[in-house]
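Those sequence lines, one after another, are chains A and B. Our numbering puts the first sequence at residues 1 to 364. Our numbering puts the second sequence at residues 365 to 728. Below is one structure; the comments refer to it alone.
Number of protein chains: 2
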Amino acid sequence: MYERIPKEGSSYSRWFDYVMEKAELYDYGRYPVKGCGIWLPYGFKIRRFVLNYMRKLLDETGHEEILMPLLIPEDLLSKEKEHIEGFKGEVYWVTKGGEEDLDVKLALRPTSETVISLYESYWLKSYKQLPRKYYQIVNIFRYETKATKPMIRVREVTTFKEAHTIHETYEDAEKQVVEAINIYRKFFDALGIPYLISKRPDWDKFAGALYTIAFDTIMPDGRTLQIGTVHNLGQNFTKVFEVRIQLSDESIDYAWQTSYGISERVIAALISVHGDDLGLILPPEFAPIQVVIVPIPIKNMWDKILEISRNVYESLKAHNIRVHLDDREEYSPGYKFYDWELRGVPLRIEIGSKEVNTGTVTLA
Amino acid sequence: MYERIPKEGSSYSRWFDYVMEKAELYDYGRYPVKGCGIWLPYGFKIRRFVLNYMRKLLDETGHEEILMPLLIPEDLLSKEKEHIEGFKGEVYWVTKGGEEDLDVKLALRPTSETVISLYESYWLKSYKQLPRKYYQIVNIFRYETKATKPMIRVREVTTFKEAHTIHETYEDAEKQVVEAINIYRKFFDALGIPYLISKRPDWDKFAGALYTIAFDTIMPDGRTLQIGTVHNLGQNFTKVFEVRIQLSDESIDYAWQTSYGISERVIAALISVHGDDLGLILPPEFAPIQVVIVPIPIKNMWDKILEISRNVYESLKAHNIRVHLDDREEYSPGYKFYDWELRGVPLRIEIGSKEVNTGTVTLA
Chain A
1 MYERIPKEGS
11 SYSRWFDYVM
21 EKAELYDYGR
31 YPVKGCGIWL
41 PYGFKIRRFV
51 LNYMRKLLDE
61 TGHEEILMPL
71 LIPEDLLSKE
81 KEHIEGFKGE
91 VYWVTKGGEE
101 DLDVKLALRP
111 TSETVISLYE
121 SYWLKSYKQL
131 PRKYYQIVNI
141 FRYETKATKP
151 MIRVREVTTF
161 KEAHTIHETY
171 EDAEKQVVEA
181 INIYRKFFDA
191 LGIPYLISKR
201 PDWDKFAGAL
211 YTIAFDTIMP
221 DGRTLQIGTV
231 HNLGQNFTKV
241 FEVRIQLSDE
251 SIDYAWQTSY
261 GISERVIAAL
271 ISVHGDDLGL
281 ILPPEFAPIQ
291 VVIVPIPIKN
301 MWDKILEISR
311 NVYESLKAHN
321 IRVHLDDREE
331 YSPGYKFYDW
341 ELRGVPLRIE
351 IGSKEVNTGT
361 VTLA
Chain B
365 MYERIPKEGS
375 SYSRWFDYVM
385 EKAELYDYGR
395 YPVKGCGIWL
405 PYGFKIRRFV
415 LNYMRKLLDE
425 TGHEEILMPL
435 LIPEDLLSKE
445 KEHIEGFKGE
455 VYWVTKGGEE
465 DLDVKLALRP
475 TSETVISLYE
485 SYWLKSYKQL
495 PRKYYQIVNI
505 FRYETKATKP
515 MIRVREVTTF
525 KEAHTIHETY
535 EDAEKQVVEA
545 INIYRKFFDA
555 LGIPYLISKR
565 PDWDKFAGAL
575 YTIAFDTIMP
585 DGRTLQIGTV
595 HNLGQNFTKV
605 FEVRIQLSDE
615 SIDYAWQTSY
625 GISERVIAAL
635 ISVHGDDLGL
645 ILPPEFAPIQ
655 VVIVPIPIKN
665 MWDKILEISR
675 NVYESLKAHN
685 IRVHLDDREE
695 YSPGYKFYDW
705 ELRGVPLRIE
715 IGSKEVNTGT
725 VTLA
């Protein structure tokens, strides 16, 4: 039932799809809309731990979580000319409601700079209200015409963390770019994902930004994957959205913005960087199950073994360790070892006759 | 700056909109797409606490969180005839990707019974895999033609918790309906929202269900608001999606399903049920700020008062209380009292000359 696929090199892509499926992370490739998949319970839990850590980093640096509308009317999305030029080839459009044609086409958000800028023009009038740092974690849509790949190149990006900040001066925005880079450094360091930071050439910057700084990692097939970007937006959006602010010297000027984002590519990188030929390897902080207990079936001792297993389970649980007792009788210990290694459980405890007799446990 | 609007009776609707805006919960009514709004930081935090409690109730009863695609192709959504009949008048359709017309129209999910049933036909083959209880918390879309109202009747329902369960027998599905009702009871009890439970008449059941049980509450204007529904879906979806299962007696049959949902209407009810003419009143478990400290400016004592305020702040924070120190110097204590009452902070601590001299604090 289990295969051993070399992670490194040319078989990486097959390894990745195999782990996705067998570890039950993300069901991909059989939904009738190309580029859309479904997060399965085990994968969803990894996603939850990763996002909670990102939320912690953002919350403790004064970022505020909000939730903006998915639908963006065509004229709103088109206000900043470079922005719409960059995105118009890959936007999904809603044109009908019920049986009626809509008066105005509605985009499924590809990103939300236009929406936040509209609201900032309502909310913010004075430098005293600045800086503000907002973020949301949402799905976004890109009508990709290239080959899609689960979590890496999809049409529904299910997990887009986009931060949007606004400042009184250019210098403040520059400082925010540095803060954003430091937050992402900390994030990727905690996930154990190596990265390179570089400024993108002009032709490759975010559509509407002054410049873009990107985080790249190297995947096991040797290709680079962009896993995070930080943009200094200058006054490009605040000018067209009329986000005018009274400055501390009492003059009036357009505010300055930055934005920065990560997506489920981070989880693809987490899986790919740490995994081995047997499957996932997860850092304990992000593992849905940190310890699995496998009781070894021994004739005449099974009840005793189960009892000890349950005691170990309860005492680990009492210490807030995410522990699972695999007491399924229809599977062999060998099968279970493979199964939990594939799913990247950091620690396995085996309990059999030796453990019962000696009062110790075996860790693997 | 602040008004006092009677919550009960005919002014309720004005009260609700006023509280939404002034307490900065949800910015509604000025987005260019009707029926769409934006969750503001303070409102988002209430939403977070409410959802975390729902997640806890679901996780501890064996529900597994997943995340399904937003886009549903027309033929998938149309498979169950009663279902599409019920929803087709209010579905948003994506018809274009970039500059191209799509071959198949894609619905923005109005609900996800069709998607989960498709996947269950892939995943589930045997009674040994049952029951399974899935849920997701997502946005859904309804092209409402009636008047919209923030959080109550919207086109983008931003916060839809939909659970989908699958069982071997009709009796198991019936038991699941009872479990779902008990979970919702516990949820609404914790939120302090009174409810009536009733079976909907046939013409008002969920499109595709055998029957629907609904939770209603009474709003301050005397109208009822449906705040939760539980559906026994029978085999209606499993038949058209071919979710066939080997039963414990080795025969093959279609599985049985239930689904149940709540939305941000729960938060609208939370606000409306508990509030008073001065604004929000929040149960402490769901309050973003549980205690606010307001130092009273007294000449020659301000430094001392601030120091004590900070000490109180730190010691409450150390006890994991969500505390806020309002040391803004540009606002009077009276203004601050109004402001925090409007936002429903359960407890206020005032620190002034009396408190400094006696070493006590004043609670309000």
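Positions of the beta carbon are idealized from the N, C-alpha and C atoms, including for glycine.
Burial is judged here by how many other beta carbons sit within 10 angstroms of a residue's own beta carbon; G708/B has at least 16 and is buried. Across the region 445-475 of chain B, CB contacts with chain A closer than 9 Å involve K452, G453, E454, V455, Y456, W457, V458, T459, K460, G461, G462, E463, E464, L466, V468, K469, L470 and L472, in sequence order along the chain.
Around the Cβ of V50/A, a 10 Å sphere holds 16 or more other Cβ atoms; the residue is buried.
Close CB contacts of V458/B within its chain, under the 6 Å cut and outside five residues either way in sequence, are with L470 (chain order).
Identification of chain B residues near L70/A by a Cβ-Cβ cut-off of 9 Å yields C400, L434, L472, N503, F505, E520 and T522, ordered along the chain. Counting only Cβ-Cβ distances below 7 Å, D27/A has contacts in chain B at Y483, in chain order.
At the C-beta level, E168/A and I252/A stay beyond 9 Å of one another. In the displayed model, E174/A falls within a helix according to three-state DSSP.
The three-state reading of DSSP puts Q129/A in helix, counting H, G and I together.
Partner residues in a beta bridge of G639/B, as assigned by DSSP, do not exist. Assignment of E64/A by DSSP, reduced to helix, strand and coil, places it in the strand class. Distance from the CA of L441/B to the CA of S476/B, rounded to the nearest whole angstrom, comes to 9 Å.
If only complete runs of 4 or more residues are kept, the region 589-622 of chain B shows the alpha helix (DSSP H) at 600-604, in order along the chain. Relative to the Cα of V243/A, the nearest Cα in the group I116/A, R47/A, L67/A and S11/A belongs to I116/A.
The beta carbon of R153/A sits no closer than 9 Å to any beta carbon of chain B. Per the DSSP secondary-structure output, Y575/B pairs in a beta bridge with N596/B. Collapsing the DSSP output to three states places K569/B in coil. Secondary structure within the region 632-701 of chain B: the alpha helix (DSSP H) runs of 4 or more consecutive residues, fully enclosed, are 666-682 (chain order). Against chain B, a Cβ distance below 7 Å from L76/A picks out P396. Contact annotation: I410/B and I631/B have beta-carbon atoms nearer than 9 Å.
Around the CB of L210/A, 16 or more other CB atoms lie within 10 Å, so the residue is classed as buried.
For the 9 Å CB-CB criterion, P659/B and G716/B form a contact. A straight-line Cα-Cα distance of about 32 Å links S485/B and S562/B. Across the structure, I308/A and V356/A are spaced so that their CA atoms are roughly 8 Å apart. Per DSSP, the continuous alpha helix (DSSP H) segment holding L57/A begins and ends at P41 to D59. T238/A places its beta carbon less than 9 Å from that of Q257/A. Contact of W403/B with chain A is assigned, a C-beta pair being separated by under 9 Å. Residue pairing of I351/A in beta bridges, as defined by DSSP: P295/A. With a beta-carbon spacing of about 6 Å, I181/A and I213/A fall inside the 8 Å limit used to define contacts. Taking the Cα positions, I5/A is about 56 Å away from E385/B. The beta-carbon separation of V725/B and I685/B, rounded to 14 Å, does not stay under the 8 Å limit for a contact.
Nearest neighbour of T425/B by Cα position, chosen from E464/B, G450/B and T529/B, turns out to be T529/B.
With at least 16 other beta carbons inside 10 angstroms of its own, R506/B counts as buried. A Cβ of chain A is located within less than 9 Å of the beta carbon of K409/B. Contact check for T224/A against L196/A passes: the beta carbons are separated by less than 9 Å. Secondary structure of L70/A (DSSP, three-state): coil.
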